[in-house]
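Asker: So in the working numbering, spot 125 of the sequence shown is number 127, and the numbers just go up one at a time.
Don't be surprised by glycine CBs; every beta carbon is placed ideally from N, CA and C.
It should be emphasised that the depicted structure is a prediction, and the values quoted were computed from it without experimental measurement.
Below are the structure tokens for one structure; questions will follow.
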Amino acid sequence: MTNKTLKRLLSAALFCTLSPGLLAQAPTTATHVSRADIMTVFEHMGETIDQQIRVVDIGDEVNIGVGILQRKGNRTEGEEVNAIVHHRVAEIYYVLSGSGTLVTGGDQKQSASREFPANNVSVLELIGPSGSRVVTNGETKTISVGDIVVIPAGVPHGFRNIQDQITYISIRVDPDQVLPIGYEHPSVQD
């Protein structure tokens with residue numbers, strides 16, 4: 003190999019290493035998640051509370067997951083609330099039906115903190131690296147049909163009170179692409 007060829011190869015390797023975004027393909031189409039897809043996945047939920055519908059690469063190394071969740075009635079007495087925290091994925095909730103009292107943030111009881119196993123299906127397909135927390139003194143809001151809640155990554159969140167049920171869409175913003183690109187729920191695969 004000549005010195006000139008070696009320099010060209012090293013220059014190309016350096017360029018590729020320093021500018022991976024320049025070589026990435028930008029998305030060229032939109033993704034449509036139809037009401038029919040949402041309802042199909044909802045009907046296949048069974049006893050689970052959270053199902054991913056799709057995960058899409060939107061470019062710039064960011065994924066967006068679209069899921070549907072339904073939580074049944076519960077009531078937490080006292081100051082402590084069981085919560086979940088997603089370390090790298092933010093969520094945007096859009097409430098479809100029902101209502102509940104959502105608690106976000108607050109003081110975390112360290113002795114009750116637990117991380118979910120990395121090989122857990124929820125971690126791999128739905129929410130990325132996450133853990134459970136017990137929190138006090140969080141911000142409390144009653145959310146209902148039509149409401150939108152934005153929950154940044156790292157903010158614990160959980161429901162204190164759900165009268166009957168609450169069903170909501172979760173848009174998951176995944177800047178580290180920990181969710182599986184191209185995932186489609188089996189019930190809506192073509």
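Counting only the same chain and skipping the five closest in sequence on each side, list residues whose C-beta sits under 7 Å from that of Tyr-96.
Answerer: Within the same chain, Tyr-96 has close Cβ partners Ile-150, Tyr-170 and Ile-171.
Asker: Based on DSSP bridge pairs, tell me the residues matched to Phe-161.
Answerer: Answer by DSSP bridge pairing, in chain order: Leu-104.
Asker: Can you look up Gln-167 in the DSSP assignment and give me helix, strand or coil?
Answerer: Strand.
Asker: If you check the beta carbons only, do Lys-74 and Leu-104 fall under 8 Å apart?
Answerer: No, they are not a contact pair.
Asker: Which of the three DSSP states, helix, strand or coil, is assigned to Arg-116?
Answerer: It is a strand residue.
Asker: Going straight from the alpha carbon of Val-175 to that of Ile-94, what length do you get?
Answerer: Each residue's alpha carbon lies about 8 Å from the other.
Asker: Quickly, what does DSSP pair Glu-141 with across the bridge? List them, please.
Answerer: The partner list for Glu-141 (beta bridge, DSSP) reads Thr-106.
Asker: Spell out the partners DSSP gives Glu-186 in its beta bridges.
Answerer: In the DSSP output, where bridge partners are listed per residue, Glu-186 has Arg-56.
Asker: When you compare the CB positions of His-187 and Gln-72, do they come within less than 8 Å of one another, or not?
Answerer: In this structure, Gln-72 does not lie closer than 8 Å to His-187 by Cβ.
Asker: Using only CA atoms, which one of Glu-127, Gly-133, Gly-80 and Arg-90 lies nearest to Asn-139?
Answerer: Looking at the Cα atoms, Gly-80 is the closest of the given residues.
Asker: Can you pull the DSSP bridge partners for Ala-85?
Answerer: Beta-bridge pairing links Ala-85 to Arg-135.
Asker: Does the stretch 126-140 touch the stretch 76-92, meaning 3 or more C-beta pairs lie closer than 8 Å?
Answerer: Judged by Cβ distances under 8 Å, the stretch 76-92 makes contact with the stretch 126-140, as three or more pairs qualify.
Asker: For Val-43, report the span of its beta strand (DSSP E) as first-last.
Answerer: Unbroken run through Val-43 is the alpha helix (DSSP H), 37-45; no beta strand (DSSP E).
Asker: Under a Cβ-count criterion, where at least 16 other Cβ atoms within 10 Å of its own Cβ denotes burial, should Thr-155 be classed as buried or exposed?
Answerer: Residue identity check: residue 155 is Ala in the sequence provided, not Thr. Buried: at least 16 other Cβ atoms inside 10 Å.
Asker: Cα separation between Arg-37 and Ser-113?
Answerer: For Arg-37 and Ser-113, the distance between alpha carbons rounds to 42 Å.
Asker: Measuring alpha carbon to alpha carbon, tell me which of Ser-189, Val-58 and Phe-118 ends up nearest Asp-33.
Answerer: Reading off the sequence, residue 33 comes out as Thr, not Asp. That would be Val-58, whose Cα lies nearest to the Cα of Thr-33.
Asker: Can you give the Cα-Cα distance for Arg-135 and Asp-192, rounded to whole angstroms?
Answerer: If I take the Cα positions, the gap works out to 38 Å.
Asker: For Glu-93, name the three-state secondary structure that DSSP assigns.
Answerer: In the structure shown, Glu-93 sits in a strand (DSSP, three-state: E or B).
Asker: Give me, in chain order, the residues of the same chain whose beta-carbon lies closer than 8 Å to that of Val-64; leave out the 5 immediate sequence neighbours on both sides.
Answerer: The answer, listed in chain order, is Val-175, Asp-176, Pro-177 and Gln-179.
Asker: Within the continuous beta strand (DSSP E) that includes Ile-150, where are the two ends?
Answerer: Ile-150 -> beta strand (DSSP E) spans 150-153.
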